[in-house]
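Working notes, structure below.
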Amino acid sequence: MSLDAPQGHIGFTLNGAEITVPAEPTVRLSELLREVAGARDVKVGCNAGDCGACTVLVDGDPVCACMMAAGQVQGRTVDTQAGLVADDPLAERLAQSFQRHQAAQCGICTPGMMVSAVALLRSGEALTEESVSDALGGVLCRCTGYRKIIAAVLDASDTAPLAEGGVGAPIARLDGWPKVSGTERFGDDVAPGDALVVKAIRSPYHRASFSFGDLERFTEENGLTLVLTAADVPGENRFGVIPGFEDQPLFAETETRFKGEAVAAVVGSAEALAGMEPFPVSWQELPSVLTPEGAAGAALLHEGREANVMCRGYVARGDAAGALAGAAHVVSGDFSTGFIEHGYIEPEAASARRVGDRLEIRCCTQAPYMNRDGIASIMGMSAADVRILPTAVGGGFGSKLDLTAQPFVALAAWKLNRPVRIAYTRIESISTSTKRHPSQVHMEIGADAEGRIVAARFDGVFNTGAYASWGPTVANRVPIHASGPYKTPNYEARSAGIHTNTAPAGAFRGFGVPQSAVAQEQLYDIMAEKLGIDRLEFRRRNCLENGDPTVTGQVFERGMGIDACFDALTPHWTRALAEAAAFNDTSAVKKRGVGVAAGWYGCGNTSMSNPSTIRAGITPTGELRLHQGAVDIGQGSNTVITQIFAQALGVAVADITLVGPDTDITPDAGKTSASRQTYISGNAARLCGEALRAQILRLGNVSEEAVIRLGDGAIELTDAGNTVRVDLSHEGEYALEAVESYDPPTSPLDKNGQGDPYAVFGTAAQMCELEVDTALGTVKLLRIVAAHDVGKAINPLLVEGQIEGGVAQGIGLALMEEFLPGRTENLHDYLIPTIGDVPPIESLIVESGDMHGPYGAKGLGEHCLIPTAPAVLNAIAHATGARIHHLPATPDKVRAAILAVGTGA
Numbered sequence: 001m002s003l004d005a006p007q008g009h010i011g012f013t014l015n016g017a018e019i020t021v022p023a024e025p026t027v028r029l030s031e032l033l034r035e036v037a038g039a040r041d042v043k044v045g046c047n048a049g050d051c052g053a054c055t056v057l058v059d060g061d062p063v064c065a066c067m068m069a070a071g072q073v074q075g076r077t078v079d080t081q082a083g084l085v086a087d088d089p090l091a092e093r094l095a096q097s098f099q100r101h102q103a104a105q106c107g108i109c110t111p112g113m114m115v116s117a118v119a120l121l122r123s124g125e126a127l128t129e130e131s132v133s134d135a136l137g138g139v140l141c142r143c144t145g146y147r148k149i150i151a152a153v154l155d156a157s158d159t160a161p162l163a164e165g166g167v168g169a170p171i172a173r174l175d176g177w178p179k180v181s182g183t184e185r186f187g188d189d190v191a192p193g194d195a196l197v198v199k200a201i202r203s204p205y206h207r208a209s210f211s212f213g214d215l216e217r218f219t220e221e222n223g224l225t226l227v228l229t230a231a232d233v234p235g236e237n238r239f240g241v242i243p244g245f246e247d248q249p250l251f252a253e254t255e256t257r258f259k260g261e262a263v264a265a266v267v268g269s270a271e272a273l274a275g276m277e278p279f280p281v282s283w284q285e286l287p288s289v290l291t292p293e294g295a296a297g298a299a300l301l302h303e304g305r306e307a308n309v310m311c312r313g314y315v316a317r318g319d320a321a322g323a324l325a326g327a328a329h330v331v332s333g334d335f336s337t338g339f340i341e342h343g344y345i346e347p348e349a350a351s352a353r354r355v356g357d358r359l360e361i362r363c364c365t366q367a368p369y370m371n372r373d374g375i376a377s378i379m380g381m382s383a384a385d386v387r388i389l390p391t392a393v394g395g396g397f398g399s400k401l402d403l404t405a406q407p408f409v410a411l412a413a414w415k416l417n418r419p420v421r422i423a424y425t426r427i428e429s430i431s432t433s434t435k436r437h438p439s440q441v442h443m444e445i446g447a448d449a450e451g452r453i454v455a456a457r458f459d460g461v462f463n464t465g466a467y468a469s470w471g472p473t474v475a476n477r478v479p480i481h482a483s484g485p486y487k488t489p490n491y492e493a494r495s496a497g498i499h500t501n502t503a504p505a506g507a508f509r510g511f512g513v514p515q516s517a518v519a520q521e522q523l524y525d526i527m528a529e530k531l532g533i534d535r536l537e538f539r540r541r542n543c544l545e546n547g548d549p550t551v552t553g554q555v556f557e558r559g560m561g562i563d564a565c566f567d568a569l570t571p572h573w574t575r576a577l578a579e580a581a582a583f584n585d586t587s588a589v590k591k592r593g594v595g596v597a598a599g600w601y602g603c604g605n606t607s608m609s610n611p612s613t614i615r616a617g618i619t620p621t622g623e624l625r626l627h628q629g630a631v632d633i634g635q636g637s638n639t640v641i642t643q644i645f646a647q648a649l650g651v652a653v654a655d656i657t658l659v660g661p662d663t664d665i666t667p668d669a670g671k672t673s674a675s676r677q678t679y680i681s682g683n684a685a686r687l688c689g690e691a692l693r694a695q696i697l698r699l700g701n702v703s704e705e706a707v708i709r710l711g712d713g714a715i716e717l718t719d720a721g722n723t724v725r726v727d728l729s730h731e732g733e734y735a736l737e738a739v740e741s742y743d744p745p746t747s748p749l750d751k752n753g754q755g756d757p758y759a760v761f762g763t764a765a766q767m768c769e770l771e772v773d774t775a776l777g778t779v780k781l782l783r784i785v786a787a788h789d790v791g792k793a794i795n796p797l798l799v800e801g802q803i804e805g806g807v808a809q810g811i812g813l814a815l816m817e818e819f820l821p822g823r824t825e826n827l828h829d830y831l832i833p834t835i836g837d838v839p840p841i842e843s844l845i846v847e848s849g850d851m852h853g854p855y856g857a858k859g860l861g862e863h864c865l866i867p868t869a870p871a872v873l874n875a876i877a878h879a880t881g882a883r884i885h886h887l888p889a890t891p892d893k894v895r896a897a898i899l900a901v902g903t904g905a
């Protein structure tokens, strides 16, 4: 078709409508669609064609909108996810299939996935796993592990109804339809059109002193509205997440401590910022330290932290040194990992406005109340005068707990009394966000002649970067977990967080436990081989059971389910070993291996109060509202918590209106981290539902068996064939209301780390089957089988989704991921698993029934990835005899290790 457009305009058909919009032909199509045409369902994750989130159809063909000039669509047809789902029955069926399979978790990649899938479905090509993987191969997903996306596309013609039910039912995500229909709104989707843009000015050096030029003149000459520096911060120019460790400035004052640290921010129109001259700042590069080895003798990054040690962790039980000296067998080793980037597809973004003497901030965050309190401190305001309204979050995994973009827009909006917005570039996001801690671990394990562990000693050094972030949490959690889920009567574990001039290391799925498991689980394999015991049997022989003390002396009488996980793996283990042996008998160069590893994770904060509060009410018109403040970042808390509440109250999930996180109207349900929401907020929801039900039954004077039915202005109660009507006439928001909290029962740890750090542990065992080309060092994953004890599966499909997504991240940790400051700051150089890297995953759900969890449920998100990397490494060793001591196990490292043991082709 042909559309005539005047100079400076572009005419094309967008989602079936002919439009002509003002735009220069050289701007990105993604910018034209989002900022001019208002198609916010087109997501921007990289602006480099690496992530595929911005995929649209141009004349029916999928393209990355960020890599196409707007002028190229003159007279052509463009379709986005929202338009396709609204107008094409095929796309609508695909959306329903995504819902049915729970193929959208956070949802940020879903537009790209679905648009690419529509092109495949329209092509008439035969649908196979291979054809789907090929069609979707240009779109990255960090949440799902891709398996449910593949299944959803293969089943796109299925019209089966969505599941219904309460606890235990695989119902669709309650927040899923906006994700699959293109109406979900993320951090950079919600700012008003007249918002000014904020851009941070950042250090190009690992460490530098600096001075500014004439900022007033620069502002005027470049048509900017405002320049902000540390001098403009009205409150505390520092923030953090752990009391006593608030050490990171919003703007550095005289010296920057890592590459990418902010020294100023400019505010103006997008056009002014795009044409801005270089910012007037002079840099003096200073000596820097990038590794813990050099930190002890380097200049202190923070006063009072001797030798640049941020903090230490320690757990001791029995006599580890004596038991190791007397052990029949001892194995030891050194293992290390590098920085790992979170790699969420949505870069950090926020917008803010001033409302009288208050601030309203919309942002992608995992911790709205923590954000509120941190911003209040920076602004010198009362926390009650700061409102955080979380948007949808396009992946978090820990890094979006910390303040990032929010303080910049808060300060600018307050100063200008105008709405402002900020969205990090991909390079900015990767170079400045927190990372998984690099680790250097030495570990020794001793066993008796019968193959029972008698002792373990662990020493871990963790590079925590320039600022504390969640470093203290990692340092304290790792010694508790470094034993793995095994009986270890004599134990000593030490950890240290060391400051360096690198980006801060913070919270990342597992809080340091995946790093310790890499060492511990490989040494367990080495010990089993030394003893001549089957590797799975060796683990089963030593695993914790109900009634056994952990390394902190804690005893669980119920819910320690690791033995059941091993039982679930056993038939798969037997099959896989036989198949690998048969293959290896006839293959000289390619060798197959089978690996196993276990993991455990304590849900919630370590020996600290971390309550959640849930509120619910029934309006005078009979509407049931659940005020649920836990941020759903894709893990499914909106759905799971509602299922738990519905079960406790005795109503259908469909009867409930969900009121999402908003610090003004939802109680504090705590941060979304540490596998705490299902367990802690779920318990608060259970208590809230039970309390509201008790009120209703009391008003109706009916028994516990009564059935509740919500009506127009009344509640009907049916009990033993009789129906009672409770009138809801009332002045105010709610005729009936309940607010309940839950805080896990834990205890402080003593000087030796003894006590009850967590009320519940989740456990898991995973098996990996793979093939190694011994001539090239390449690794091909064939299958992962993952057995996870979840206590009770509130929603089995969500459980599977968490397992599959965690496994995919574990694969990245094992085989490809490492952040190198200044070198891997985009999604082309920093590799995360693609749809072709993740093999079939079989999830085995184990339900041990926790004594504290809601209906027996435990948290799950963190421990999904803990066993994956060591299982992969153990499988490589089984195939080749070669051990990998520094992750990731890239082909060059695998080949070198093979040559070192003399098994290379």
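If you count by the UniProt record's numbering, then the sequence shown holds residues 1 to 905, one letter each, in order.
C-beta atoms are modelled at their ideal positions from N, C-alpha and C, and glycine is treated no differently.
Values in this document were obtained by computation on a predicted structure and should not be read as measured data.
Exercise for review: Give, in chain order, every unbroken run of the alpha helix (DSSP H) that is at least 4 residues long and sits entirely within the region 228-306.
Suggested key: Qualifying alpha helix (DSSP H) stretches, in chain order: 270-274 and 292-295.
Practice item. Classify residue 1 as buried or exposed, calling it buried when 16 or more other Cβ atoms lie within 10 Å of its own Cβ. Key: Here the question's residue 1 lines up with position 1 in the sequence shown. Below a pLDDT of 50, predicted positions are generally treated as unreliable, and residue 1, at 45, falls in that range; no measurement from the model is reported.
Practice item. Please check the pair residue 906 and residue 741, which I expect to be a contact at CB under 8 Å, by giving their CB distance rounded to whole angstroms. Key: The structure shown does not extend to residue 906, since the chain is modelled only from 1 through 905, so no value can be given for it.
Practice item. From the DSSP output, in three-state form, read off residue 1 for me. Key: Numbered from its first residue, the sequence shown carries residue 1 at position 1. Confidence in residue 1 is poor, its pLDDT being 45 and thus under 50, which makes the residue's placement unreliable; the coordinate value appears in the next sentence. Residue state, collapsed to three classes: coil.
Review point. So residue 154 packs on residue 127, CB below 8 Å; how close in whole Å?
Key: Locating residue 154 in the sequence shown gives position 154, where the first residue counts as 1. Locating residue 127 in the sequence shown gives position 127, where the first residue counts as 1. That pair is a contact at about 6 Å.
Practice item. Compare the beta carbon distance of residue 496 and residue 475 with 8 Å and say whether it is the shorter of the two. Key: Counted from its first residue, the sequence shown places residue 496 at position 496. Counted from its first residue, the sequence shown places residue 475 at position 475. Between residue 496 and residue 475, the gap from beta carbon to beta carbon is short of 8 Å.
Check your understanding: What is the rounded straight-line gap between the Cα of residue 344 and the Cα of residue 525?
Key -> Here residue 344 is taken as the residue at index 344 of the sequence shown, counted from 1. Here residue 525 is taken as the residue at index 525 of the sequence shown, counted from 1. So the alpha carbons of these two residues sit roughly 33 Å apart.
Practice item. Determine the direct distance from the alpha carbon of residue 825 to that of residue 64, and round the result to whole angstroms. Key: The residue labelled residue 64 in the question sits at position 64 within the sequence shown. The residue labelled residue 825 in the question sits at position 825 within the sequence shown. Near 20 Å, if we compare the C-alpha coordinates of residue 825 and residue 64.
**Study point:** Unbroken beta strand (DSSP E) run spanning residue 353, endpoints
**Key:** Within the sequence shown, the letter at position 353 stands for residue 353. Under the DSSP assignment, residue 353 falls in the beta strand (DSSP E) whose first and last residues are 349-355.
Exercise for review: Please determine, among 379, 499 and 484, the residue with the shortest C-alpha to C-alpha distance to residue 236.
Suggested key: Here residue 236 refers to the residue found at position 236 of the sequence shown. Nearest C-alpha to residue 236: 379.
Check your understanding: Is DSSP giving residue 778 helix, strand or coil here?
Key -> Here residue 778 refers to the residue found at position 778 when the sequence shown is read from its first residue. Assignment of residue 778 by DSSP, reduced to helix, strand and coil, places it in the strand class.
**Study point:** Which of helix, strand or coil DSSP assigns to residue 206
**Key:** Residue 206 sits at position 206 when you count from the first residue of the sequence shown. Coil, per DSSP.
Point to revise | Inter-residue spacing [alpha-carbon to alpha-carbon] between residue 811 and residue 143 | key: Numbered from 1 along the sequence shown, position 811 holds the residue referred to as residue 811. Numbered from 1 along the sequence shown, position 143 holds the residue referred to as residue 143. Their backbone Cα atoms lie some 13 Å apart in a straight line.
Review point. Just the Cα atoms here: how many angstroms apart are residue 17 and residue 82?
Key: Start at 1 with the first residue of the sequence shown, and residue 17 comes out as number 17. Start at 1 with the first residue of the sequence shown, and residue 82 comes out as number 82. Rounded to whole angstroms, the gap between the alpha carbons of residue 17 and residue 82 is 13 Å.
Point to revise | Helix, strand or coil at residue 86 according to DSSP, with G and I counted as helix | key: Within the sequence shown, numbered from 1, the residue matching residue 86 stands at position 86. Look at residue 86 here: in three-state DSSP terms it is helix.
Review point. Going by other Cβ atoms of all chains shown within 10 Å of its Cβ, with 16 needed for buried, is residue 800 buried or exposed?
Key: Here residue 800 corresponds to residue number 800 of the sequence shown, with the count starting at 1. The residue in question, residue 800, is buried, as its Cβ has 16 or more Cβ neighbours within 10 Å.
**Study point:** One or two residues paired with residue 381 in a DSSP bridge
**Key:** Here residue 381 corresponds to residue number 381 of the sequence shown, with the count starting at 1. None, per the DSSP bridge assignment.
Exercise for review: Can you check DSSP and say which residues form a bridge with residue 414?
Suggested key: The count along the sequence shown starts at 1 and reaches residue 414 at position 414. According to the DSSP secondary-structure assignment, residue 414 is paired through a beta bridge with no residue.
Exercise for review: State the Cα-Cα distance for the pair residue 762 and residue 330, rounded to the nearest angstrom.
Suggested key: Here residue 762 corresponds to residue number 762 of the sequence shown, with the count starting at 1. Here residue 330 corresponds to residue number 330 of the sequence shown, with the count starting at 1. If you draw a straight line from the Cα of residue 762 to the Cα of residue 330, it comes to about 28 Å.
**Study point:** Cβ-Cβ distance between residue 428 and residue 394 below 8 Å
**Key:** The residue you call residue 428 lines up with position 428 of the sequence shown. The residue you call residue 394 lines up with position 394 of the sequence shown. In this structure, the beta-carbon distance from residue 428 to residue 394 does not fall below 8 Å.
Exercise for review: Mind checking who residue 722 pairs with in its DSSP beta bridge?
Suggested key: Here residue 722 corresponds to residue number 722 of the sequence shown, with the count starting at 1. Partner(s): 719.
Review point. How close, in whole Å, do the beta carbons of residue 503 and residue 766 come, if the pair is a contact with beta carbons under 8 Å?
Key: As a first step, residue 503 is located in the sequence shown; it is residue number 503 there, counting from the start. As a first step, residue 766 is located in the sequence shown; it is residue number 766 there, counting from the start. A Cβ-Cβ separation of about 30 Å leaves residue 503 out of contact with residue 766 under the 8 Å criterion.
**Study point:** Distance between residue 599 and residue 889 (C-alpha atoms, nearest Å)
**Key:** Mapped onto the sequence shown, residue 889 falls at position 889. Mapped onto the sequence shown, residue 599 falls at position 599. In a straight line, the C-alpha of residue 889 is about 20 Å away from that of residue 599.
Check your understanding: Under 8 Å between the Cβ atoms of residue 102 and residue 5?
Key -> Counted from its first residue, the sequence shown places residue 102 at position 102. Counted from its first residue, the sequence shown places residue 5 at position 5. Cβ atoms of residue 102 and residue 5: not closer than 8 Å.
Exercise for review: Determine the DSSP secondary structure at residue 655, reduced to helix, strand or coil.
Suggested key: Within the sequence shown, numbered from 1, the residue matching residue 655 stands at position 655. Reduced to three states, the DSSP call for residue 655 is helix.
**Study point:** residue 555, buried or exposed, once every other Cβ within 10 Å from all chains shown has been counted against 16
**Key:** By one-based count along the sequence shown, residue 555 stands at place 555. Per the 10 Å Cβ criterion, exposed.
Review point. Would DSSP call residue 898 helix, strand or coil?
Key: Within the sequence shown, numbered from 1, the residue matching residue 898 stands at position 898. Assignment of residue 898 by DSSP, reduced to helix, strand and coil, places it in the helix class.
Review point. For residue 200, which residues from the same chain have a beta carbon less than 7 Å from its beta carbon, with the 5 sequence-adjacent residues on both sides left out?
Key: Taking the first residue of the sequence shown as position 1, residue 200 is located at position 200. So the qualifying residues of the chain are 262, 265 and 408.
**Study point:** Sequence-distant residues of its chain with Cβ nearer than 6 Å to residue 818 (five each side left out)
**Key:** As a first step, residue 818 must be located in the sequence shown, where it is residue number 818. Excluding residues within five positions, the ones whose Cβ falls inside 6 Å are 338 and 888.
Practice item. Can you give me the Cβ contacts of residue 805 inside the same chain, cut-off strictly under 6 Å, excluding the 5 residues immediately before and after it? Key: Taking the sequence shown and counting its residues from 1, one reaches residue 805 at position 805. Leaving aside the five residues that flank residue 805 on each side, the residues in its chain whose CB is nearer than 6 Å to its CB run, in chain order, 143, 144 and 145.
Review point. If you run the structure through DSSP and keep just helix, strand and coil, what is residue 74?
Key: On the sequence shown, position 74 is the one that residue 74 refers to. Note: residue 74 maps to coil in three-state DSSP.
Exercise for review: Mind reading off the beta-carbon distance from residue 71 to residue 25? Whole number of angstroms is fine, and I expect it under 8 Å.
Suggested key: Taking the first residue of the sequence shown as position 1, residue 71 is located at position 71. Taking the first residue of the sequence shown as position 1, residue 25 is located at position 25. With a Cβ gap of about 3 Å, residue 71 and residue 25 count as contacting.
Practice item. Report all residues from its chain with a CB closer than 6 Å to the CB of residue 736; omit the five preceding and five following residues, and keep chain order. Key: Taking the first residue of the sequence shown as position 1, residue 736 is located at position 736. Within the same chain, residue 736 has close Cβ partners 618 and 695.
Check your understanding: So residue 333 is in the alpha helix (DSSP H); what residue range does that whole segment cover?
Key -> Start at 1 with the first residue of the sequence shown, and residue 333 comes out as number 333. Element bounds for residue 333: not the alpha helix (DSSP H) but the beta strand (DSSP E), 329-337.
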